[in-house]
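In our numbering, the protein residues as written are 11 to 796.
We put the beta carbon where it would ideally sit given N, CA and C, even for glycine.
Every value quoted in this text rests on a predicted model; they were computed, and no experiment measured them.
Structure follows, in structure tokens:
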């Protein structure tokens, strides 16, 4: 049998006394080991090498464990050298790999029946690798410092665990960082003195119960799942999407460098179930370390449970009300962070069903913060991940939720239908961005610092940290053609537009995005041409959510009322890019409306900008107060002498508004303020502490009435999802608490919102006047050409 390569031999000298712990699983591997030993002894005749043969995966037999105890007690200066046969990937039939993946077996170690055949065809497929040696005395010191152990057998088990990890490190260098995965989590944690000390403080807790919970949580990437799952995920989304994910290569390299320095938590924006597939694909095809993804235990169904578990998914219980479970979870997260494994979950906690980012969830992040403050890492990076799509088939489902529908439970039939839906049509491209990571040290201070004892201060710091992550996600999320076309057609309120009208109306928004240096996709840039606009509306036609009417002299496109909620999802995905300019427009309209009553229209403008920001803070992310003020001032500086024009009152503001491009406040924000107004109207005669469910039911009923009467312009304003946020706004204004003047405060709030709707009418009037003027100009040029 061909001798294995020698560049992976252990680095011990001729005078070393060594104990080789040889992990072998077959006669073929044993022969390879013997060749390796003969070669070493021939090259180092003066060295003394004893070999203890151990099974490759199973618990050693009692006799082998007893012998290891004896060998470890024989000489404290002796080197322990772990050795194993490494099989270069390839050659195992896929059907066997899938079975092995479900069972959790190491699929990179071919079955014994195939090993000799593989070696005959290609001996280089097998290599004997040796982990870094360690003296018995060094291992004993580590054992006493980190674990609870009372007898030599405990120490022997510790040495075996260290041997496995040493071999894993060598094999990881051969395979690449994308194959890094935690091993021996349960035995390592159960033997940890830190873990046992905390366990003893929980009433009724036992190691057995804690072990069962660790079994429930424990996960890992088998080596084949690193290959299979991203490939399977790519096969799923490639049914409807371009298989080539759109990345920013500079961001990838910056993240690669950051992940080499510190462990990271990848926090992704969540619009689709595909997100959980896309992150592993992105990591694998960019040769980055795999991530371990937290998911609800509702996704552990059928055969998918074991497959997901061996693909880095950590299933969490829906309710974390068991003190022992919370402790085990906290320690598990701490262990993964300490061992520098990267974690992954949605910062929003669940899919956004409206298209805009939801407020960040802090539950799991608190466990990571505890691990950092406890000194388990000198820093932990929060890596924002922006995932966006040209289109999604899930928007129809989200529209049903907005109408008050219930979420359907996950299961095998659900999974089948989800995968099937990916192949129904072309959904365009997927965009993944990795902006600069947020340092936990920067927000929480040094480990073991004052925040360890100050829970309120820690939570505030975590909120700021999470908001910064979300803000960075929004800043890099590119605006695409679907977003822009949907937003424009929604403003037409069901009226169809021609290709030229669409092209003309889109240019102001594209100019604005360019001036603000907002990232856009290639599809958005192509909207500069008629061909690009036609490609965008064709991709959305057929009720997805655009309807094309092509039976006349020229085709026209519209969004029918029944498709408004789906279109709103796409429009909401770009509001962040136009949010500040929309508030500017509303504040200008307010300053003009109140110019006769207010002393200083410029002061009224700034006061209203801040007030609008406060009202919308539950629906949108904003820059901090200073940066927000600076951004508004910078945008207004594009207009010469704008402050003097505002101070001039109604006439000056009207001149400013007619010159502003684009005018988007009504297109972007009306559904939100209409939803707020409906809730405020319901509160006019509602109990002080009305339940959220009751408030939503009443609001849906009143909203449907207002739509029928034409008192609400947008069907999408009548949405259970928007009413939930509206309730938060009302609570923030103190309108859901008992008080002597509660009804008066509720009426004042409703009147304020009605005033904002009048300001939206004003902005809309200017926008329509601009559109009409351009349409007249277009027709004049066409007639002259004829």
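- Runs of the alpha helix (DSSP H) lying entirely within the region 51-99 and spanning at least 4 residues, in chain order: 72-84.
- Cα atoms of residue 173 and residue 298: separation of roughly 25 Å, rounded to the nearest angstrom.
- Distances from the CA of residue 751 to each of 791, 698 and 795 were compared; the closest alpha carbon is that of 698.
- Between the C-alpha atoms of residue 706 and residue 565 there is a straight-line separation of about 40 Å.
- Taking C-beta atoms as the reference points, residue 250 and residue 434 count as a pair closer than 8 Å.
- Here residue 161 is exposed, its C-beta having fewer than 16 other C-beta atoms within 10 Å.
- Assigned with DSSP and collapsed to three states, residue 302 falls in strand.
- For residue 251, the pairing in a beta bridge is given by DSSP as 438.
- Here DSSP, grouped into helix, strand and coil, assigns residue 771 to helix.
- Residue 50 is classed as buried because its beta carbon has at least 16 other beta carbons within 10 Å across all chains shown.
- Under DSSP, residue 324 shares a beta bridge with 304.
- Between residue 252 and residue 438, the gap from beta carbon to beta carbon is short of 8 Å.
- Just so you know, the alpha carbons of residue 345 and residue 129 end up roughly 39 Å apart.
- Residue 559 is classed as exposed because its beta carbon has fewer than 16 other beta carbons within 10 Å across all chains shown.
- Close CB contacts of residue 314 within its chain, under the 8 Å cut and outside five residues either way in sequence, are with 422 and 425 (chain order).
- As a beta-bridge residue in DSSP terms, residue 397 pairs with 442.
- For residue 277, the uninterrupted beta strand (DSSP E) run begins and ends at 274-278, by DSSP.
- Contact annotation: residue 594 and residue 656 have beta-carbon atoms that are not nearer than 8 Å.
- Annotated three-state conformation of residue 449 is strand, per DSSP.
- Residue 273 holds the alpha-carbon nearest to the alpha-carbon of residue 451 among 289, 273, 143 and 220.
- Between residue 599 and residue 472, the gap from beta carbon to beta carbon reaches 8 Å or more.
- Contact annotation: residue 42 and residue 93 have beta-carbon atoms that are not nearer than 8 Å.
- Looking at the backbone, the Cα of residue 465 and that of residue 501 are separated by about 46 Å.
- For residue 706, the enclosing alpha helix (DSSP H) has its first and last residue at 702-719.
- Here residue 28 carries a strand assignment [DSSP, helix/strand/coil].
- Note that the region 315-323 does not touch the region 335-343; fewer than 3 beta-carbon pairs, one per stretch, sit closer than 8 Å.
- DSSP, read as helix, strand or coil, puts residue 533 in helix.
- Per DSSP, residue 509 lies in no beta strand (DSSP E) segment; the continuous alpha helix (DSSP H) that holds it begins and ends at 509-525.
- Taking C-beta atoms under 8 Å as the contact rule, residue 574 and residue 726 qualify, at a distance of about 5 Å.
- In this chain, residue 501 is not harboured by any beta strand (DSSP E); it is covered by the alpha helix (DSSP H) spanning 491-501.
- In chain order, 590, 591 and 594 place their CB closer than 7 Å to the CB of residue 645, counting only its own chain and leaving out the 5 sequence neighbours on each side.
- If you look at residue 153, you'll find it isn't in any beta strand (DSSP E); it sits in the alpha helix (DSSP H) that goes 146-156.
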